[in-house]
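Report on one structure; see the data block that follows.
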Amino acid sequence: MLLPTETVYGLGADASNPAAVAAIFEAKGRPRFNPLIAHVHDAEAAARIAAFDDRAQALAAAFWPGPLTIVAPIRDAAAVCDLARAGLDTVAIRVPGHPLSRAVLAAFGGAVVAPSANRSGRPSPTTFADAFAETGDKADAALDGGPCAVGLESTVVAVLDGPVRLLRPGAVTRAQLEAVVGPLAQADDDARRSPGRLALHYAPDAPVRIDAAAPREGEAFLAFGPWPDGEGVFNLSPTADLAEAAANLFAFLRAADRVRPTAIAVAPIPDEGLGEAINDRLRRAAGFVG
Numbered sequence: 374m375l376l377p378t379e380t381v382y383g384l385g386a387d388a389s390n391p392a393a394v395a396a397i398f399e400a401k402g403r404p405r406f407n408p409l410i411a412h413v414h415d416a417e418a419a420a421r422i423a424a425f426d427d428r429a430q431a432l433a434a435a436f437w438p439g440p441l442t443i444v445a446p447i448r449d450a451a452a453v454c455d456l457a458r459a460g461l462d463t464v465a466i467r468v469p470g471h472p473l474s475r476a477v478l479a480a481f482g483g484a485v486v487a488p489s490a491n492r493s494g495r496p497s498p499t500t501f502a503d504a505f506a507e508t509g510d511k512a513d514a515a516l517d518g519g520p521c522a523v524g525l526e527s528t529v530v531a532v533l534d535g536p537v538r539l540l541r542p543g544a545v546t547r548a549q550l551e552a553v554v555g556p557l558a559q560a561d562d563d564a565r566r567s568p569g570r571l572a573l574h575y576a577p578d579a580p581v582r583i584d585a586a587a588p589r590e591g592e593a594f595l596a597f598g599p600w601p602d603g604e605g606v607f608n609l610s611p612t613a614d615l616a617e618a619a620a621n622l623f624a625f626l627r628a629a630d631r632v633r634p635t636a637i638a639v640a641p642i643p644d645e646g647l648g649e650a651i652n653d654r655l656r657r658a659a660g661f662v663g
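For the sequence shown, the residue numbers in the numbering used here are 374 to 663.
Below, the structure written as structure tokens:
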């Protein structure tokens, strides 16, 4: 099922059904070492599946429903099958904030894996049209929830032994997380517990050139802040608003790709707050993360 969330459109399946989960990996061309995020209706359901300590409970209370995924030890392995967890002893789980996805989860009653509804490595779809164009032929049903309000995948944190680790930046910022659980550690070897960590990811067909002061001949340009309109120019936010830029990022990468440029140049984005997540996606789209 194509399922809207507040972050991106997902391709959803029963998390407890290995055959259904295998079909998701096949539809996306996704490597099976890359775990999937389980989506549930509420924090109580999450706590039945994952073993939450006080820090995980505090994060859930602060940010759910919403764009935060918590990686914690698995409690109910039958609820999220081994394939969905990539054979790990942990589970990545969240409670989405979109009313349509929450209604589906409430009606279903179990956990649903819903990775972004694109072929693996491509930009995540944030509109129904882009999601349907990518994987609509693989879905038995599709829900149009309009454009995704956040536009970036969820923040992922690991709440295991030791300090809380930031595995993937997202709409819940580092500062917001640290206000709840204190200083965060970097991902280190826990990176494999989270999706979205491949070096080349979120990539359009055209090469991506980041931190560009201006486009070169033949390039499309993703501007940020005041910039003249023109052919091949897509302004992430004319007012330099990071939330607006995040919401537009993937849709504009796709739009820029459709004009068949020699490359897609992207203006510098402040690496603070939500900008940390935007720059993470751009560096991976450009293949600059090892």
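Don't be surprised by glycine CBs; every beta carbon is placed ideally from N, CA and C.
Residue i classed as buried or exposed, judged by whether at least 16 other C-beta atoms fall within 10 angstroms
i: Pro611; result: exposed
i: Val632; result: exposed
i: Phe425; result: buried
i: Tyr382; result: buried
i: Ala423; result: buried
i: Phe406; result: exposed
i: Gly535; result: exposed
i: Asp449; result: exposed
i: Arg589; result: exposed
i: Pro577; result: buried
i: Phe661; result: exposed
i: Gly543; result: buried
i: Asp653; result: buried
i: Pro404; result: exposed
i: Glu649; result: buried
i: Arg492; result: exposed
i: Gly603; result: exposed
From the options, residue whose alpha carbon lies closest to that of residue i
i: Pro377; options: Cys521, Phe623, Asp387, Leu540; result: Cys521
i: Asn621; options: Ala596, Pro488, Asp602; result: Ala596
i: Ala484; options: Val581, Ala587, Ala388; result: Ala388
i: Ala459; options: Ile410, Ser497, Ala531; result: Ile410
i: Gly555; options: Val545, Thr546, Ala429, Val537; result: Val537
i: Ala433; options: Pro577, Val553, Ala640, Asn652; result: Val553
i: Ala445; options: Phe436, Val523, Thr463, Trp437; result: Thr463
i: Val523; options: Ala619, Gly385, Ala548; result: Ala619
i: Asp415; options: Gly482, Ala629, Val468, Ala579; result: Val468
i: Ala429; options: Cys454, Phe607, Pro643, Leu550; result: Leu550
i: Ala396; options: Glu379, Phe436, Leu456, Arg654; result: Leu456
i: Ala587; options: Asp653, Gln559, Pro641; result: Pro641
i: Glu507; options: Trp600, Val486, Lys401; result: Lys401
i: Phe625; options: Asp614, Asn608, Leu615, Leu384; result: Asn608
i: Pro643; options: Ile447, Leu384, Ala613; result: Ala613
i: Arg541; options: Leu533, Ser527, Ala548, Pro634; result: Ser527
i: Gly385; options: Glu379, Pro580, Pro488; result: Pro488
i: Ala638; options: Gly646, Ile651, Gly598, Gly591; result: Gly591
For residue i, the residue or residues it bridges with in DSSP
i: Ile466; result: Ala411, Ile443
i: Gly383; result: Leu376, Ser489
i: Arg538; result: Ala531, Ala558
i: Ala423; result: Ile447
i: Ala395; result: Bridge partners of Ala395: none, in fact.
i: Ala515; result: Leu375
Collapsed DSSP secondary structure at residue i in the structure displayed
i: Arg458; result: coil
i: Leu609; result: coil
i: Ala388; result: coil
i: Ala484; result: coil
i: Gly494; result: coil
i: Asp510; result: helix
i: Arg428; result: helix
i: Arg403; result: coil
i: Ser474; result: helix
i: Glu645; result: coil
Beta strand (DSSP E) segments (min. 3 residues) lying fully within the region 569-639: 593-596, 606-608, 637-639
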